[in-house]
Amino acid sequence: FWVTNRPSFYFALMSVIIGMQLFLAGFVSELVTRNAPGRNAYLIEDKIGL
1 FWVTNRPSFY
11 FALMSVIIGM
21 QLFLAGFVSE
31 LVTRNAPGRN
41 AYLIEDKIGL
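Residue numbers (the numbering used here): 1 to 50.
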């Protein structure tokens with residue numbers, strides 16, 4: 001019995017590939033948002049006049 005002859009093998013392979021892509025997209029977007037220049041610009045300072 002070859003593993004590649006079963007449809008479940010290809011389903012599992014595609015699931016792993018899609019899962020890795022989703023994980024990496026989330027990881028990269030987290031890095032981008034953490035390094036954003038205006039990340040800690042709070043508007044409350046302007047409103048109460050500190």
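Glycine included, C-beta positions come from ideal geometry on N, C-alpha and C. As the structure is a computational prediction, the values presented were derived from the model and not from experiment.
Beta carbon of residue i nearer than 7 Å to that of residue j
| i | j | result |
| --- | --- | --- |
| Val-3 | Phe-9 | yes |
Three-state class that DSSP yields for residue i in the structure shown
| i | result |
| --- | --- |
| Tyr-42 | coil |
| Phe-27 | helix |
| Ala-12 | helix |
| Asn-35 | coil |
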